[in-house]
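S.K.:
Residue numbers (the numbering used here): 1 to 183.
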(Lines of atoms letter the chains of each structure in order from A; the text may use other names.)
(Lines give C-alpha, C1' and ligand atoms only; values in the text may rest on other atoms or scores of the structure.)
Protein backbone atom coordinates (compact mmCIF):
# COMPACT_ATOMS: atom_id res chain seq x y z
CA UNK A 1 0.00 0.00 0.00
CA UNK A 2 2.81 2.46 0.81
CA UNK A 3 4.49 1.70 -2.50
CA UNK A 4 1.22 2.40 -4.33
CA UNK A 5 0.92 5.74 -2.54
CA UNK A 6 4.47 6.62 -3.59
CA UNK A 7 4.03 5.83 -7.29
CA UNK A 8 0.33 6.53 -7.97
CA UNK A 9 -1.55 9.79 -8.33
CA UNK A 10 -4.03 10.19 -5.47
CA UNK A 11 -6.92 11.40 -7.63
CA UNK A 12 -6.68 9.42 -10.86
CA UNK A 13 -4.95 6.28 -9.50
CA UNK A 14 -2.58 6.15 -12.46
CA UNK A 15 1.19 6.50 -12.11
CA UNK A 16 2.58 9.84 -11.00
CA UNK A 17 5.29 12.02 -12.57
CA UNK A 18 8.02 10.71 -10.27
CA UNK A 19 7.39 7.08 -11.18
CA UNK A 20 7.11 7.99 -14.84
CA UNK A 21 10.44 9.85 -14.81
CA UNK A 22 12.24 6.92 -13.15
CA UNK A 23 10.73 4.40 -15.56
CA UNK A 24 11.42 6.60 -18.58
CA UNK A 25 15.17 6.56 -17.90
CA UNK A 26 15.14 2.75 -17.75
CA UNK A 27 13.11 2.50 -20.97
CA UNK A 28 15.32 5.08 -22.63
CA UNK A 29 18.48 3.12 -21.80
CA UNK A 30 16.90 -0.15 -22.96
CA UNK A 31 15.84 1.48 -26.23
CA UNK A 32 19.28 2.99 -26.75
CA UNK A 33 20.76 -0.54 -26.67
CA UNK A 34 18.01 -2.31 -28.64
CA UNK A 35 16.56 0.34 -31.00
CA UNK A 36 13.00 -0.95 -30.70
CA UNK A 37 11.12 2.34 -31.09
CA UNK A 38 9.71 4.44 -28.31
CA UNK A 39 6.92 7.01 -28.51
CA UNK A 40 6.18 9.54 -25.82
CA UNK A 41 2.83 11.30 -25.90
CA UNK A 42 2.27 14.36 -23.75
CA UNK A 43 -1.25 15.78 -23.70
CA UNK A 44 -3.41 18.23 -21.85
CA UNK A 45 -7.09 19.06 -21.66
CA UNK A 46 -7.82 22.13 -23.75
CA UNK A 47 -9.28 25.06 -21.77
CA UNK A 48 -9.24 23.02 -18.53
CA UNK A 49 -8.86 26.08 -16.28
CA UNK A 50 -12.33 27.20 -17.36
CA UNK A 51 -13.85 24.00 -15.96
CA UNK A 52 -12.65 24.66 -12.41
CA UNK A 53 -13.39 28.38 -12.68
CA UNK A 54 -16.93 27.84 -14.00
CA UNK A 55 -18.16 24.66 -12.29
CA UNK A 56 -15.69 24.12 -9.44
CA UNK A 57 -13.06 21.58 -8.51
CA UNK A 58 -15.43 18.63 -7.91
CA UNK A 59 -16.44 18.81 -11.59
CA UNK A 60 -12.80 19.23 -12.64
CA UNK A 61 -11.80 16.18 -10.60
CA UNK A 62 -14.67 14.17 -12.10
CA UNK A 63 -13.49 15.10 -15.60
CA UNK A 64 -9.89 14.08 -14.83
CA UNK A 65 -10.92 10.69 -13.42
CA UNK A 66 -13.27 9.94 -16.29
CA UNK A 67 -10.76 11.08 -18.89
CA UNK A 68 -8.22 8.65 -17.43
CA UNK A 69 -10.74 5.79 -17.54
CA UNK A 70 -11.54 6.60 -21.16
CA UNK A 71 -7.90 6.72 -22.23
CA UNK A 72 -6.90 3.60 -20.29
CA UNK A 73 -9.15 1.56 -22.59
CA UNK A 74 -6.84 2.50 -25.49
CA UNK A 75 -3.58 1.55 -23.74
CA UNK A 76 -1.80 -1.73 -24.18
CA UNK A 77 -1.04 -3.54 -20.92
CA UNK A 78 2.68 -2.81 -21.10
CA UNK A 79 2.40 0.88 -22.02
CA UNK A 80 2.90 3.45 -19.26
CA UNK A 81 0.23 6.08 -18.60
CA UNK A 82 0.87 8.74 -15.94
CA UNK A 83 -0.33 12.07 -14.65
CA UNK A 84 2.45 14.53 -15.41
CA UNK A 85 0.93 17.69 -13.94
CA UNK A 86 -2.43 19.23 -13.08
CA UNK A 87 -4.23 18.64 -16.38
CA UNK A 88 -1.23 17.20 -18.20
CA UNK A 89 -0.75 13.50 -18.86
CA UNK A 90 1.96 11.41 -20.45
CA UNK A 91 1.83 8.11 -22.27
CA UNK A 92 4.88 5.97 -23.07
CA UNK A 93 4.16 3.70 -26.03
CA UNK A 94 6.85 1.00 -25.96
CA UNK A 95 8.22 -0.86 -28.96
CA UNK A 96 6.04 0.98 -31.43
CA UNK A 97 6.80 2.27 -34.90
CA UNK A 98 5.91 5.91 -35.47
CA UNK A 99 2.85 5.06 -37.56
CA UNK A 100 1.37 2.97 -34.74
CA UNK A 101 1.91 5.77 -32.24
CA UNK A 102 0.21 8.30 -34.52
CA UNK A 103 -2.78 6.00 -35.03
CA UNK A 104 -3.03 5.58 -31.24
CA UNK A 105 -2.96 9.30 -30.47
CA UNK A 106 -5.45 10.16 -33.20
CA UNK A 107 -7.77 7.43 -31.89
CA UNK A 108 -7.44 8.81 -28.33
CA UNK A 109 -7.95 12.41 -29.49
CA UNK A 110 -11.10 11.47 -31.44
CA UNK A 111 -12.43 9.30 -28.61
CA UNK A 112 -12.15 12.16 -26.12
CA UNK A 113 -13.65 14.65 -28.56
CA UNK A 114 -16.67 12.39 -29.17
CA UNK A 115 -17.23 11.59 -25.48
CA UNK A 116 -19.77 13.45 -23.33
CA UNK A 117 -18.77 13.83 -19.68
CA UNK A 118 -22.00 13.86 -17.64
CA UNK A 119 -21.92 15.25 -14.09
CA UNK A 120 -25.29 15.76 -12.39
CA UNK A 121 -27.19 18.02 -14.82
CA UNK A 122 -24.08 18.98 -16.80
CA UNK A 123 -23.14 17.42 -20.12
CA UNK A 124 -19.65 18.59 -21.03
CA UNK A 125 -17.46 17.97 -24.06
CA UNK A 126 -13.71 18.50 -24.24
CA UNK A 127 -10.81 18.26 -26.58
CA UNK A 128 -7.20 17.38 -25.87
CA UNK A 129 -4.04 18.53 -27.60
CA UNK A 130 -1.10 16.19 -27.91
CA UNK A 131 2.63 16.43 -28.45
CA UNK A 132 4.19 13.21 -29.71
CA UNK A 133 7.86 12.43 -29.93
CA UNK A 134 9.23 9.23 -31.42
CA UNK A 135 12.72 7.86 -31.12
CA UNK A 136 14.16 4.83 -32.88
CA UNK A 137 17.14 4.40 -30.57
CA UNK A 138 20.80 5.19 -31.00
CA UNK A 139 22.54 8.31 -29.75
CA UNK A 140 20.37 11.07 -31.21
CA UNK A 141 19.06 11.96 -27.72
CA UNK A 142 21.00 12.25 -24.48
CA UNK A 143 18.34 11.04 -22.06
CA UNK A 144 14.72 10.86 -21.00
CA UNK A 145 14.55 14.55 -20.07
CA UNK A 146 15.44 15.55 -23.63
CA UNK A 147 12.79 13.13 -24.89
CA UNK A 148 10.14 14.83 -22.71
CA UNK A 149 11.34 18.26 -23.86
CA UNK A 150 10.68 17.24 -27.45
CA UNK A 151 7.08 16.30 -26.58
CA UNK A 152 6.72 19.60 -24.71
CA UNK A 153 7.86 21.36 -27.87
CA UNK A 154 5.05 19.54 -29.65
CA UNK A 155 2.58 20.77 -27.02
CA UNK A 156 3.88 24.32 -27.47
CA UNK A 157 3.31 23.97 -31.21
CA UNK A 158 -0.28 22.82 -30.64
CA UNK A 159 -0.97 25.76 -28.34
CA UNK A 160 0.18 28.14 -31.06
CA UNK A 161 -2.02 26.43 -33.67
CA UNK A 162 -5.19 25.95 -31.60
CA UNK A 163 -6.94 23.13 -29.75
CA UNK A 164 -7.48 19.43 -30.50
CA UNK A 165 -4.26 19.10 -32.49
CA UNK A 166 -1.46 16.52 -32.61
CA UNK A 167 2.13 17.68 -33.19
CA UNK A 168 4.81 15.07 -33.92
CA UNK A 169 8.57 15.32 -33.26
CA UNK A 170 10.86 12.62 -34.68
CA UNK A 171 14.36 11.73 -33.47
CA UNK A 172 16.52 9.33 -35.44
CA UNK A 173 20.02 8.81 -36.75
CA UNK A 174 19.06 9.15 -40.42
CA UNK A 175 17.77 12.21 -42.20
CA UNK A 176 14.03 12.31 -42.78
CA UNK A 177 13.24 12.71 -46.47
CA UNK A 178 10.55 15.17 -47.62
CA UNK A 179 8.51 12.25 -48.98
CA UNK A 180 8.57 10.31 -45.71
CA UNK A 181 8.05 11.20 -42.07
CA UNK A 182 9.71 8.03 -40.78
CA UNK A 183 13.31 7.21 -40.02
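Note that beta-carbon positions come from the ideal geometry of N, C-alpha and C, so glycine has one too.
Nothing here was measured: the structure is a model prediction, and the numbers come from that model.
Can you pull the DSSP bridge partners for residue 6?
M.R.: For this step, residue 6 is matched to residue 6 along the chain shown. The partner list for residue 6 (beta bridge, DSSP) is empty, contrary to what the question assumes.
S.K.: Can you check which of these residues, 69, 95, 43, 122, is closest to residue 56 by C-alpha distance?
M.R.: Residue numbering aside, residue 56 sits at position 56 when the chain shown is read from its first letter. Nearest option by C-alpha distance: 122.
S.K.: Let me confirm a value: residue 145 is counted as buried when at least 16 other C-beta atoms fall within 10 Å, else exposed. Which label applies?
M.R.: On the chain shown, residue 145 is found 145 positions in, with the first residue counted as 1. Exposed, since its Cβ has fewer than 16 Cβ neighbours within 10 Å.
S.K.: Compute the beta-carbon to beta-carbon distance between residue 112 and residue 42, rounded to the nearest angstrom, for a pair I have assumed lies under 8 Å.
M.R.: To locate residue 112, count along the chain shown from 1; it is residue 112. To locate residue 42, count along the chain shown from 1; it is residue 42. That belief does not hold up - the Cβ atoms of residue 112 and residue 42 are roughly 15 Å apart, past 8 Å.
S.K.: What is the C-beta distance between residue 20 and residue 147, in whole angstroms, given that I count them as a contact (C-beta under 8 Å)?
M.R.: Indexing the chain shown from 1 puts residue 20 at position 20. Indexing the chain shown from 1 puts residue 147 at position 147. No, residue 20 and residue 147 are not in contact; Cβ-Cβ is about 12 Å, not under 8 Å.
S.K.: Could you spell out the range, first to last residue, of the alpha helix (DSSP H) harbouring residue 32?
M.R.: Residue 32 sits at position 32 when you count from the first residue of the chain shown. Where residue 32 is concerned, the enclosing alpha helix (DSSP H) stretches over 17–34.
S.K.: Please tell me whether residue 61 and residue 124 are closer than 7 Å, where the distance is taken between their beta carbons.
M.R.: Start at 1 with the first residue of the chain shown, and residue 61 comes out as number 61. Start at 1 with the first residue of the chain shown, and residue 124 comes out as number 124. Going by C-beta atoms, residue 61 is not nearer than 7 Å to residue 124.
S.K.: Write down every uninterrupted run of the beta strand (DSSP E) in the region 45–94 whose length is 3 residues or greater and which is fully enclosed by it, in chain order.
M.R.: Taken in chain order, the complete beta strand (DSSP E) segments of 3 or more residues contained in the region 45–94 are 80–83, 88–94.
S.K.: Using DSSP bridges, identify the partner residues of residue 105.
M.R.: On the chain shown, position 105 is the one that residue 105 refers to. According to DSSP, residue 105 bridges with nothing at all.
S.K.: Run the CB neighbour count on residue 35, radius 10 Å, all protein chains shown included, and call it buried at 16 or more, exposed below.
M.R.: Along the chain shown, read from residue 1 onward, the residue named residue 35 stands at position 35. It counts as exposed.
S.K.: With burial defined as no fewer than 16 other Cβ atoms inside 10 Å of the residue's Cβ, what is the status of residue 168: buried or exposed?
M.R.: Counting from 1 along the chain shown, the entry for residue 168 is found at position 168. Classification for residue 168: buried.
S.K.: Closest to residue 97 by CA distance: which of 46, 84, 137 is it?
M.R.: Numbered from 1 along the chain shown, position 97 holds the residue referred to as residue 97. Out of 46, 84, 137, the CA that lies nearest to the CA of residue 97 is found in 137.
S.K.: Could you compute how far the alpha carbon of residue 15 sits from the alpha carbon of residue 83?
M.R.: For this step, residue 15 is matched to residue 15 along the chain shown. For this step, residue 83 is matched to residue 83 along the chain shown. Taking the straight line joining both Cα atoms gives about 6 Å.
S.K.: Among all the DSSP beta bridges, which residues are the ones paired with residue 128?
M.R.: In the chain shown, the residue the question calls residue 128 occupies position 128. DSSP lists 45 as the bridge partner or partners of residue 128.
S.K.: Which stretch, first to last residue, makes up the alpha helix (DSSP H) that contains residue 14?
M.R.: Position 14 of the chain shown, counted from the first residue, corresponds to residue 14. Element bounds for residue 14: n/a, residue is neither H nor E.
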